[in-house]
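Chains as they are written, first to last, in the UniProt record's numbering: chain P, 1 to 514; chain Y, 1 to 514.
Glycine included, every Cβ here is placed at the ideal spot set by N, Cα and C.
Remarks on the structure that follows.
2 protein chains.
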Amino acid sequence: MAASSLSNYPPELSPDEEQYLLTNLKDWSIAHGLAVRPPPSFVTATQDPSGVLASTAPVTLFPSPFPRNCFEEGLAIQEAYNELYSAIARDEKWLQGIVEELIDIDDFVSKLWQTHLAVKKEGYVQDLTLGLFRSDYMVHVDQSASNATPGLKQVEFNTIASSFGGLSAQVSALHRYLLSIDAYPASATSVIKAEALRQSKSASSLARGLATAHKAYGQSRTGRPLCVLFVVQDPERNVFDQRHLEYALLEESGVRAFRLPFHRTQADTKLAEDRTLLYSPPNSPATSYEVTTVYFRAGYSPDDYPNEADWTSRLHLERSRAIKCPSILTHLAGCKKVQQVLATPHSPHLKRFLPDEKVASRVLSTFAPIYPLDQSEAGQEAIRLAKNPESAARYVLKPQREGGGNNIYRKAIPPFLQNLPETHWPAYILMEMIEPPALKNAIFRNGELQSGGVICELGVYGVCLWRNGSGDNQGEILENQEAGYLLRTKGDQSEEGGVAAGFGAVDSCCLVEV
Amino acid sequence: MAASSLSNYPPELSPDEEQYLLTNLKDWSIAHGLAVRPPPSFVTATQDPSGVLASTAPVTLFPSPFPRNCFEEGLAIQEAYNELYSAIARDEKWLQGIVEELIDIDDFVSKLWQTHLAVKKEGYVQDLTLGLFRSDYMVHVDQSASNATPGLKQVEFNTIASSFGGLSAQVSALHRYLLSIDAYPASATSVIKAEALRQSKSASSLARGLATAHKAYGQSRTGRPLCVLFVVQDPERNVFDQRHLEYALLEESGVRAFRLPFHRTQADTKLAEDRTLLYSPPNSPATSYEVTTVYFRAGYSPDDYPNEADWTSRLHLERSRAIKCPSILTHLAGCKKVQQVLATPHSPHLKRFLPDEKVASRVLSTFAPIYPLDQSEAGQEAIRLAKNPESAARYVLKPQREGGGNNIYRKAIPPFLQNLPETHWPAYILMEMIEPPALKNAIFRNGELQSGGVICELGVYGVCLWRNGSGDNQGEILENQEAGYLLRTKGDQSEEGGVAAGFGAVDSCCLVEV
Numbered sequence: 001m002a003a004s005s006l007s008n009y010p011p012e013l014s015p016d017e018e019q020y021l022l023t024n025l026k027d028w029s030i031a032h033g034l035a036v037r038p039p040p041s042f043v044t045a046t047q048d049p050s051g052v053l054a055s056t057a058p059v060t061l062f063p064s065p066f067p068r069n070c071f072e073e074g075l076a077i078q079e080a081y082n083e084l085y086s087a088i089a090r091d092e093k094w095l096q097g098i099v100e101e102l103i104d105i106d107d108f109v110s111k112l113w114q115t116h117l118a119v120k121k122e123g124y125v126q127d128l129t130l131g132l133f134r135s136d137y138m139v140h141v142d143q144s145a146s147n148a149t150p151g152l153k154q155v156e157f158n159t160i161a162s163s164f165g166g167l168s169a170q171v172s173a174l175h176r177y178l179l180s181i182d183a184y185p186a187s188a189t190s191v192i193k194a195e196a197l198r199q200s201k202s203a204s205s206l207a208r209g210l211a212t213a214h215k216a217y218g219q220s221r222t223g224r225p226l227c228v229l230f231v232v233q234d235p236e237r238n239v240f241d242q243r244h245l246e247y248a249l250l251e252e253s254g255v256r257a258f259r260l261p262f263h264r265t266q267a268d269t270k271l272a273e274d275r276t277l278l279y280s281p282p283n284s285p286a287t288s289y290e291v292t293t294v295y296f297r298a299g300y301s302p303d304d305y306p307n308e309a310d311w312t313s314r315l316h317l318e319r320s321r322a323i324k325c326p327s328i329l330t331h332l333a334g335c336k337k338v339q340q341v342l343a344t345p346h347s348p349h350l351k352r353f354l355p356d357e358k359v360a361s362r363v364l365s366t367f368a369p370i371y372p373l374d375q376s377e378a379g380q381e382a383i384r385l386a387k388n389p390e391s392a393a394r395y396v397l398k399p400q401r402e403g404g405g406n407n408i409y410r411k412a413i414p415p416f417l418q419n420l421p422e423t424h425w426p427a428y429i430l431m432e433m434i435e436p437p438a439l440k441n442a443i444f445r446n447g448e449l450q451s452g453g454v455i456c457e458l459g460v461y462g463v464c465l466w467r468n469g470s471g472d473n474q475g476e477i478l479e480n481q482e483a484g485y486l487l488r489t490k491g492d493q494s495e496e497g498g499v500a501a502g503f504g505a506v507d508s509c510c511l512v513e514v
Numbered sequence: 001m002a003a004s005s006l007s008n009y010p011p012e013l014s015p016d017e018e019q020y021l022l023t024n025l026k027d028w029s030i031a032h033g034l035a036v037r038p039p040p041s042f043v044t045a046t047q048d049p050s051g052v053l054a055s056t057a058p059v060t061l062f063p064s065p066f067p068r069n070c071f072e073e074g075l076a077i078q079e080a081y082n083e084l085y086s087a088i089a090r091d092e093k094w095l096q097g098i099v100e101e102l103i104d105i106d107d108f109v110s111k112l113w114q115t116h117l118a119v120k121k122e123g124y125v126q127d128l129t130l131g132l133f134r135s136d137y138m139v140h141v142d143q144s145a146s147n148a149t150p151g152l153k154q155v156e157f158n159t160i161a162s163s164f165g166g167l168s169a170q171v172s173a174l175h176r177y178l179l180s181i182d183a184y185p186a187s188a189t190s191v192i193k194a195e196a197l198r199q200s201k202s203a204s205s206l207a208r209g210l211a212t213a214h215k216a217y218g219q220s221r222t223g224r225p226l227c228v229l230f231v232v233q234d235p236e237r238n239v240f241d242q243r244h245l246e247y248a249l250l251e252e253s254g255v256r257a258f259r260l261p262f263h264r265t266q267a268d269t270k271l272a273e274d275r276t277l278l279y280s281p282p283n284s285p286a287t288s289y290e291v292t293t294v295y296f297r298a299g300y301s302p303d304d305y306p307n308e309a310d311w312t313s314r315l316h317l318e319r320s321r322a323i324k325c326p327s328i329l330t331h332l333a334g335c336k337k338v339q340q341v342l343a344t345p346h347s348p349h350l351k352r353f354l355p356d357e358k359v360a361s362r363v364l365s366t367f368a369p370i371y372p373l374d375q376s377e378a379g380q381e382a383i384r385l386a387k388n389p390e391s392a393a394r395y396v397l398k399p400q401r402e403g404g405g406n407n408i409y410r411k412a413i414p415p416f417l418q419n420l421p422e423t424h425w426p427a428y429i430l431m432e433m434i435e436p437p438a439l440k441n442a443i444f445r446n447g448e449l450q451s452g453g454v455i456c457e458l459g460v461y462g463v464c465l466w467r468n469g470s471g472d473n474q475g476e477i478l479e480n481q482e483a484g485y486l487l488r489t490k491g492d493q494s495e496e497g498g499v500a501a502g503f504g505a506v507d508s509c510c511l512v513e514v
């Protein structure tokens, strides 16, 4: 992406230009619900005890340039990714092999697995599962190759609580609006032009996914009205992102949804004798609804389970007849170890799940090589790469444990390993660093503007509804759709971070030819 | 409105019911731009220097019951009111008579008139005028009559800067949403039901009015792109109300609009030799637009003219070829004295402007009697009524001066007059109090909930575009539409106040039979 028109992108703004752009951005964002609840460091609970204040969500001022071929490839292969992860989630035996390698080092994975086993013992009563997935990529430019074409490399695949689908649709509309009112200086319009901007359809597509599951659940078994449950964290600053899906679900499909704080699960829901999930809203305890679909926007991280009662809640929901988005097996399919096993060079696993060679090779080409640090052949190669400062400079060391954080980057890897007993090495994986092109943008966050080098991450959403098989029957996919995109942009100073924490923002794609 | 189902309206909410309703109200309002910038008493400029915070606009929790016949009559006669005020604005000679009575007591009216005269001397170059009107009413129940049917009585007629059309449409959508998610307890649903709620179409109707003027302006005379100017106060807390019109104008009609702080008029606009109004956005001073329509959301109050330069700005805009919404004559047509002269018992004026007797009598029946305190026959009757404490109890004494405030109510009138030299009495009018039915509601404002007796004011918006005549030609109306409604509700403790100041909120109508 070395096109000369991009070297001056984004344009410098004069004070008047900046004021015009920001004034319009601030008003449009609030008028269209592109908002978050402010963090306590900005507005304290004492100041706003009833929580009526909101602020513009962290956004970029400009849409970031993104190679058209990468963008189109990301969207084009989403159905293949949906198929892949649906197949993994349906292959309990294979997942068991993955989980067994993690059980001793990762309590969270172990707890999830036990919860699945408990339900399995009793027998699952719902054979449908919904995935609202998001496959995250960065653009990779091979620095060692001359004239290298940028390609898409996967950062991770999210099978639970894929966020920002509600706000992403609004950000692409914001950038289009700013273009239409000439908030971008003329010098930038060779890059930012209407035909280059891509509207994300994520909000309505994800809502349609929920509606599809809701409908596939079938008629009420108890004569009660039907509903979808959004299982959420409480408090939730990113609430409008979730609300946009809920409103789209109601307006476009006429489906009622309720927000259930995860810790209220046992107070507000119960299972009928046949494990139909019943929900009673606290405001109307005498009323109850039959839940068709449980949509987890909480429960994805160990932090959501401070007490044993929270695991009881997860078990309770998993036991139920409601369609889970996602089921525990689908949640486990998203763990990093799965990604690593698929992406280990010469891995036989991908073709197990994607028998079509052409499809598999397109997916494979988005994998950055990932190595285990164990006794296997690939593991031995990894250890050689990681101990050598020169080769280590192209890698990142990540804990197998879920949840991010604690990554070791590049030249810091060899001394880190030197200080770590070898028995602990298998708790890490070694991943080739994705080398994104140098880009700049300006991020507006909590009223502060920061400009500079940025890194962009493209997330492609997918909706997949499938029926689990049993025995030799492998089940079947009932619905499989690409569902819009997210562009998430953060400062390139931070190797970690995302929009919800740190210096990051929701962005949109301005396609460029490379 | 003594229907027994209303005596317990609105229903008492349990803490859980209140929390459910408020949580959903707070999130929906921000997600849909039903918002205001918080007052400095809530969020200081130091805390949020770049102004990114917003809060839920002051709203009622429940739609207020409103007699169906009154609501329908208000909407039905709006076109007659548009016709009436358009005719007044076209009758300069008649308006001159009104203004001459005010010139000595009201600087503001005097300044407006001088501004008009200055332009008249030079000759107006634009014969089209746009009115975005709002006729405000209360429901009046004659306490002395047994079995009285509630009727609509006009509070005032706004010919400039009629506000809340943007938010009103959102509040009726909010109340419908709250009903659809069962946020209103079952005990209230005999009153609040889908078929009783009225969606206000004000935002898109007012925007369409601006688009109609924009189109009627015709082609650019200078080859420049065309635009509408929103002349605004700066800062403006009620900015989203205005922005919703701007966005509707852009999205539904493809018309560009800019916000011009009134004090920036001379810096950012200039007149071409033929008095075409040109606007240069500060962010792009080399670009200029030809202004088709000047929409005043500032300039309506003496507070907007702290310096003589502000009067120069008003003159500058009035001289221009842009269509004014409103022109100065139209602005003057909205002064209280006009309302008083029309509503003085046995006034001959109404039929001058509304020759159709049937139409005139429907309009007349919405007038509350208003008397001058002067030497006329009606004036002498007024003085008798005002001095007697018993009759005074049914009246309010208002200064002729524009701008509200300083009203004297009921029994306070006789002692007030006693202390006022008789020469100052003509500076006041005496208006029969409108006696609204006893109603209750709950108002949510800056995070605080206040419940109790309320007074509701129905505003009906009108769009009217006309061509001024000259000489014997009286001009003609080109567009005349009812344009949605506003229900504004305030605590009944305050005799003064509105949503933007004090204990008041935007509401919506729940129609009831009486």
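For this session: Can you have a look at P:T366 and say buried or exposed, based on whether 16 or more other CB atoms are within 10 angstroms of its CB?
Result: buried
For this session: Name, please, each residue of chain P whose Cβ falls closer than 9 Å to the Cβ of Y:F240.
Result: D27, I30 and A31
For this session: Give the DSSP bridge partners of residue 519 of chain P, in chain order.
Result: In this structure chain P extends from 1 to 514, so residue 519 of chain P is not present and cannot be described.
Problem set entry | Proximity to Y:Q266 [Cα-Cα], best of Y:E377, Y:Q481 and Y:L315 | Y:L315
For this session: Pick out the complete beta strand (DSSP E) segments inside the segment 365 to 410 of chain P, 3 residues or longer, and give them in chain order.
Result: 370 to 372 and 395 to 399
Problem set entry | Straight-line Cα distance separating P:H214 from P:T287 | 20 Å
Exercise. How is the beta strand (DSSP E) around P:D507 delimited, first residue to last?
Worked result: G504 to D507
For this session: For Y:N82, name the three-state secondary structure that DSSP assigns.
Result: helix
Exercise. Using CA coordinates, which residue listed in Y:H32, Y:A442 and Y:V52 is at the minimum distance from P:P39?
Worked result: Y:V52
For this session: Please check if any C-beta of chain Y sits within less than 8 Å of the C-beta of P:Y20.
Result: yes
For this session: Compile a chain-ordered list of the residues in the segment 32 to 56 of chain Y whose CB is closer than 9 Å to at least one CB of chain P.
Result: H32, G33, A35, R37, P38, F42, V43, Q47, D48, P49, S50, G51, V52, L53, A54, S55 and T56
For this session: For Y:S163, decide whether its Cβ has a neighbour in chain P, counting only Cβ atoms nearer than 8 Å.
Result: no
Problem set entry | Residues near Y:G484 by beta carbon distance below 6 Å, same chain, minus five either side | S200, K201, S202, S205 and Y461
Exercise. Name the residues in the segment 281 to 302 of chain Y whose C-beta lies less than 9 Å from a C-beta of chain P; which are they?
Worked result: P281, P282, N283, S284, P285 and T287
Exercise. Just by C-beta distance, which residues in the segment 168 to 187 of chain P are closer than 9 Å to chain Y?
Worked result: Y177, S180, I181, D182, A183, P185 and A186
For this session: For P:T195, decide whether its Cβ has a neighbour in chain Y, counting only Cβ atoms nearer than 8 Å.
Result: As written in the sequence, residue 195 of chain P is Glu, which differs from the Thr given in the question. So no, P:E195 is outside the interface.
For this session: Just grab the DSSP bridge partners of Y:H140 for me.
Result: Y:G151
For this session: Give a yes or no on whether 8 Å exceeds the smallest Cβ distance from Y:N446 to chain P.
Result: yes
For this session: Compare the beta carbon distance of Y:P372 and Y:P345 with 8 Å and say whether it is the shorter of the two.
Result: no
Problem set entry | Counterpart residues of P:Q481 in DSSP-defined beta bridges | P:V463
For this session: Could you spell out where the beta strand (DSSP E) holding Y:V294 opens and where it closes?
Result: Y289 to F296
Exercise. What residues in its chain sit with their C-beta under 7 Å from that of Y:S144, if we drop five residues either side in the sequence?
Worked result: none
For this session: Taking only beta-carbon positions, decide if Y:Y247 is within less than 8 Å of chain P.
Result: yes
For this session: For my contact list, P:V139 and P:P67 are in at a C-beta cut-off of 8 Å; report their separation, rounded to the angstrom.
Result: 6 Å
Exercise. For Y:S146, does the three-state DSSP call read helix, strand or coil?
Worked result: coil
Problem set entry | Distance cut-off 7 Å: Y:C509 Cβ against heavy atoms of the ligand NAD | Among the components of this structure there are no ligands whatsoever, and the ligand NAD is therefore not found.
Exercise. When the Cα atoms are used, what is the spatial distance from Y:Q233 to Y:I429?
Worked result: 30 Å
Exercise. When you compare each of Y:D507, Y:I30 and Y:Y395 to Y:F240 by their alpha carbons, which one comes out closest?
Worked result: Y:I30
Exercise. When burial is assigned at 16 or more other CB atoms within 10 Å of the CB, is Y:K193 buried or exposed?
Worked result: exposed
Problem set entry | Alpha-carbon to alpha-carbon, P:P414 and P:N446 | 38 Å
For this session: Enumerate in chain order the residues of its own chain whose CB-to-CB distance from P:F296 is below 6 Å, with the five nearest sequence positions on each side excluded.
Result: I160, A161 and V231
Exercise. Residue ranges of each alpha helix (DSSP H) run of no fewer than 4 residues wholly in the segment 47 to 111 of chain Y, ordered along the chain?
Worked result: 68 to 76, 78 to 90 and 92 to 102
For this session: Return the Cβ separation of Y:V454 and Y:V171 in integer angstroms, given the expectation that the two are a contact with Cβ distance under 8 Å.
Result: That belief does not hold up - the Cβ atoms of Y:V454 and Y:V171 are roughly 15 Å apart, past 8 Å.
For this session: Under 7 Å Cβ to Cβ from P:A378, same chain only, skipping five residues before and after it: list those, please.
Result: T344, P345, Y371 and P372
Exercise. Where are the beta strand (DSSP E) runs, 3 residues long or more, that stay fully inside the UniProt domain "Glutathione synthase substrate-binding" (227 to 333) of chain Y, in chain order?
Worked result: 257 to 261, 269 to 271, 277 to 279, 289 to 296 and 323 to 325
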